[in-house]
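At position 60 of the sequence shown (counting the first as 1) the number is 60 in full-length UniProt numbering, and the numbers step up by one without a gap.
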Amino acid sequence: MATNACFIIVSRNDIPIYEAEVGVAAKREEAAQLHQFILHAALDVVQDMAWTTSAMYLKSVDRFNELVVSVYVTAAPSTEL
Numbered sequence: 001m002a003t004n005a006c007f008i009i010v011s012r013n014d015i016p017i018y019e020a021e022v023g024v025a026a027k028r029e030e031a032a033q034l035h036q037f038i039l040h041a042a043l044d045v046v047q048d049m050a051w052t053t054s055a056m057y058l059k060s061v062d063r064f065n066e067l068v069v070s071v072y073v074t075a076a077p078s079t080e081l
């Protein structure tokens, strides 16, 4: 089974400002688009959770098939997914 991870930094305006994919899975355009879709779907959940907890690390915020979204919420105006 191929392993893949996507690291994205998002501005406070929900705009991705940095994205990197690591792992052994082949990079495909459709996979990149899927990651963007999952990112934007998870941002609503992250924004709701950020107001209800003081934790900076939110583990397993969202899931899509075998993909899991975990988040670091920073004090600066950006979020790392």
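Positions of the beta carbon are idealized from the N, C-alpha and C atoms, including for glycine.
It should be emphasised that the depicted structure is a prediction, and the values quoted were computed from it without experimental measurement.
Discussion item. Can you tell me whether Ala20 is buried or exposed? The criterion is at least 16 other CB atoms within 10 Å of its CB, across all chains shown.
Written reply: exposed
Fill in: Cα-Cα separation between Cys6 and Gln33, rounded to whole angstroms
12 Å
Worksheet item: Near Met1, what residues of its chain come up, given a Cβ to Cβ distance below 7 Å and the 5 sequence neighbours on each side ignored?
Response: Note that Met1 scores a pLDDT of 48, beneath 50, so its modelled location is shaky and nothing firm can be said.
Worksheet entry | Alpha carbon of Ala41 to alpha carbon of Ser54, nearest angstrom | Using only the alpha carbons, I get a separation of about 22 Å.
Worksheet item: Does DSSP classify Met1 as helix, strand or coil?
Response: Note on Met1: pLDDT 48, under 50, position unreliable in the model; the coordinate value appears next. Looking at Met1 - three-state DSSP - the assignment turns out to be coil, as it is neither helix nor strand.
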